[in-house]
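Peer 1: So that we are looking at the same thing, I have put the structure below in structure tokens.
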Amino acid sequence: MKNKGSWELIQFSSKGDTRGELVAIESQKEIPFSIKRVYYLINTKKDVRRGFHAHKNLDQILIAISGSCKILVENHKKREEFFLNDCKVGLRITNLVWREMYDFTPDCALLVLASQHYDPDDYIRDYQKFAEMIAHDSK
Ligand code: TYD
């Protein structure tokens with residue numbers, strides 16, 4: 025996969041008029057892959073931290089459709105924290121990136137667009153194993 029071990033913010037444009045706003049996102053346009061799966065995290069309890077994994081082969085875009093949350097991402101070079109609170113911004117996370125999600129507001133709906141169907145075998149849930157994989161990868 026191209027851009028592996030990377031992340032980026034993608035700004036979506038909104039079509040606003042006197043009635044309000046509409047944001048449209050399409051595969052291969054605003055989203056740089058074909059969307060095969062959509063899921064969303066809602067009603068996340070206070071002080072819950074989730075994620076704690078990387079993927080072998082998955083491109084995803086996370087959008088806080090309402091409310092806000094924080095996302096920690098880490099690759100072989102750096103760690104970065106994002107505060108998602110704008111439904112017109114998507115955080116793209118490619119494969120081999122460790123991610124953790126936390127500080128969800130009670131009204132947070134975190135929408136995720138994914139490039140592959142759900143596959144439990146695609147998960148790297150052991151941080152030590154992830155660290156070894158990226159160390160090997162960065163050589
Ligand atoms: P889990 O992997 O624990 O979520 P996170 O990594 O964000 O903390 O997923 C919670 C449950 O949902 C688990 O039983 C697997 C299931 N699941 C699906 O069935 N399909 C999916 O696309 C995803 C992401 C999870």
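Here the sequence shown is numbered in our numbering, starting from 25 and rising by one per residue. C-beta atoms are modelled at their ideal positions from N, C-alpha and C, and glycine is treated no differently.
Can you name the start and end residues of the beta strand (DSSP E) that Q140 belongs to?
Peer 2: Stepping through the sequence shown from its first residue, residue 140 is reached at position 116. It is not in any beta strand (DSSP E) - Q140 carries neither H nor E in the DSSP assignment.
Peer 1: Is it right to say S51 is buried, meaning 16 or more other beta carbons lie within 10 angstroms of its own, or is it exposed?
Peer 2: Against the sequence shown, residue 51 aligns to sequence position 27. It is exposed - the Cβ of S51 has fewer than 16 other Cβ atoms within 10 Å.
Peer 1: In three-state terms, what does DSSP make of H77?
Peer 2: Here residue 77 is taken as the residue at index 53 of the sequence shown, counted from 1. If DSSP states are grouped into helix, strand and coil, H77 belongs with the strands.
Peer 1: Are the beta-carbon atoms belonging to L65 and D146 less than 9 angstroms from one another?
Peer 2: If you number the sequence shown from 1, residue 65 lands on position 41. If you number the sequence shown from 1, residue 146 lands on position 122. In this structure, D146 does not lie closer than 9 angstroms to L65 by Cβ.
Peer 1: So, with DSSP's three-state summary, where would you put I158?
Peer 2: Position 134 of the sequence shown holds residue 158. In this structure, I158 counts as helix in the three-state DSSP scheme.
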